[in-house]
Every structure is written in structure tokens, then in C-alpha cells.
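Peer 1: First the structure, then my questions, so here it is.
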Amino acid sequence: GAVVSQHPSWVICKSGTSVKIECRSLDFQATTMFWYRQFPKQSLMLMATSNEGSKATYEQGVEKDKFLINHASLTLSTLTVTSAHPEDSSFYICSARAGGLQGNQPQHFGDGTRLSIL
Amino acid sequence: AQSVTQPDIHITVSEGASLELRCNYSYGATPYLFWYVQSPGQGLQLLLKYFSGDTLVQGIKGFEAEFKRSQSSFNLRKPSVHWSDAAEYFCAVAGMDSSYKLIFGSGTRLLVRP
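Spelled out as C-alpha cells, the structure:
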């Protein structure tokens, strides 16, 4: 149980292109999803928290207009990197958390998306 | 402020040897603690979690961790390491505000000698 699917796993595109990454919870409803960025040999950096039916909450320093997040249903959140440039190249990982106000619900992670901007 | 420290960047053990990965946290109350493992190019897999109760928690793949409040530690252990355990291991604490954000340590890379 608690499977999170992230797609695509790898994308290469030209500078200036917009790229959409999908994150789906396959066997549970996720009221909250998180988007992380990970640089090589580093820990995960939280970019934003996505709540179903409401606007995402972005961490300090993350450009809202650059990284568009939509959480339209209880099983799907999308991250769109708009007008991507080489400095946006990174490994992006999503996670999903089942509903409820209890803090003991763990986050379940997708397999990540390797984004390479040429 | 909440923080998680994993003091060891790299650890190398021989296959079959025991393993302990250290994790210390800074938090004002009893935290929710997690250990995740990440293989190269992959997402994170939950190994185990601690919320309350028994301070020794069992996880998947033969891992266990012990919560020690007096030391603010949550060290991960395995009695006999397998070559497939080579990966990056992250300790994390959950925020107690309504955001439930995870605060990650910097990770420990485990290398296994044949």
C-alpha cells in the first residue's frame, strides 16, 4: 500500500520549454502533497506544500510563477516548471500524505523526475 | 528551531557486519521521527517511524531504530548488512504545525564492502 507514482521519470528539453511533472497517489487519498528538489549528493529541499483544492504554499526563495503547482484532486498534483533554463536542471521528488490532522501520517515518496534542460 | 543532524556523511561496513547510523534532532516536544532510504536515482522509501510508545521500533528490511529522549537521538541499526543495503539514508522529523513538513538530515551514504 501507499504507492506514489511520479511521471515522467526523466525528461530532457530545450531551454525555454515548460515541463509538467505529475504525482499520483495510487491507493490512497492524499490531502497534502509536497514537492522537493534535490541537488547531487545533497538532501531534499522542500519547494512547496500542495493542499487539495487550495493554493500551494511555497517555501521562501521559491518562485511561484516559475514553479506552478496544481492539486486538483485527492490523488493528483502537478508541478510545472515554466520557461525552464539550465539552472532548473535537477532531481524533483514528490511525496503524498494521507488525510487527517494527526502528525503521525508519514509521507510516501515518488521515484523522482530527473530534469535536464539543454 | 527544529533540526536534524546526521554526523556521518559516509559509512563503510563489510557485508555481514552490524550497522549503526546516527541521528540527532533538536525539537521542543516529543517528535515524530522517520528513517528513509534512497537508492541512486530513486525516490525515498520509508524504513520505519516513531510516534510514541515502545522506544525500539522495527522496520522493513531488518532495520530497527531506538528513540532516546535523553540523548535526542534516533539511531538506525541493522545486525547484519547486505550488499543491497548500500544507499543513502535520511533521518527526518515531522513538524508539529499543521503543515506536517518533514525536516531532513543531510543524509549518510552507506557503502558495503564485499
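If you read the protein sequences in the order shown, they are chains Z and D.
Be aware that the first sequence starts at 103, since it is given in the working numbering, and climbs by one per residue.
Be aware that the second sequence starts at 419, since it is given in the working numbering, and climbs by one per residue.
Note that CB positions come from ideal geometry on N, CA and C, so glycine has one too.
Beta strand (DSSP E) containing glutamine 207 of chain Z: first to last residue?
Peer 2: Unbroken run through glutamine 207 of chain Z: none, as it is neither H nor E.
Peer 1: Which residues, in order along the stretch 438-463 of chain D, keep a beta-carbon less than 8 angstroms from a beta-carbon of chain Z?
Peer 2: Under the 8 angstroms Cβ criterion, the stretch 438-463 of chain D contributes Tyr450, Phe452, Tyr454, Gly459, Gln460, Gly461, Leu462 and Gln463.
Peer 1: Between glutamine 131 of chain Z and threonine 215 of chain Z, how many whole angstroms is the CB-CB distance? I'm expecting something under 8 angstroms.
Peer 2: About 22 angstroms; that fails the 8 angstroms criterion.
Peer 1: Please confirm if the stretch 420-434 of chain D is in contact with the stretch 164-173 of chain Z, defined as three or more CB-CB distances below 8 angstroms between the two stretches.
Peer 2: Counting Cβ pairs under 8 angstroms, fewer than three are found: no touch.
Peer 1: So within the stretch 163-215 of chain Z, which uninterrupted beta strand (DSSP E) runs reach at least 3 residues, ignoring any that extend past its ends?
Peer 2: Counting whole runs of 3 or more residues, the stretch 163-215 of chain Z contains the beta strand (DSSP E) stretches 169-175, 178-183, 192-200 and 209-211.
Peer 1: What in chain D is Cβ-close to arginine 199 of chain Z, meaning under 9 angstroms?
Peer 2: By Cβ distance, chain D contributes Tyr518.
Peer 1: With C-beta atoms as the reference, is leucine 176 of chain Z less than 9 angstroms away from threonine 133 of chain Z?
Peer 2: Yes, Cβ-Cβ distance for leucine 176 of chain Z and threonine 133 of chain Z is below 9 angstroms.
Peer 1: Taking C-alpha atoms, which residue in Z:Phe193, Z:Phe211, Z:Ala186 and Z:Ser192 lies nearest to valine 121 of chain Z?
Peer 2: Among Z:Phe193, Z:Phe211, Z:Ala186 and Z:Ser192, the Cα nearest to that of valine 121 of chain Z is on Z:Ala186.
Peer 1: Measuring CB to CB, does alanine 505 of chain D end up less than 9 angstroms from arginine 527 of chain D?
Peer 2: The answer is yes: Cβ separation under 9 angstroms.
Peer 1: Grab the span of the beta strand (DSSP E) containing lysine 486 of chain D for me, first residue to last.
Peer 2: Taken as a continuous stretch (DSSP letters only), the beta strand (DSSP E) holding lysine 486 of chain D covers 482-486.
Peer 1: Kindly list the residues whose CB is nearer than 6 angstroms to the CB of proline 425 of chain D, restricted to its own chain and excluding five residues on each side of it in sequence; keep chain order.
Peer 2: Result list for proline 425 of chain D: Arg440, in chain order.
Peer 1: Just the C-alpha distance for tyrosine 507 of chain D and glycine 459 of chain D, rounded to the nearest angstrom, thanks.
Peer 2: C-alpha separation (whole angstroms): 14 angstroms.
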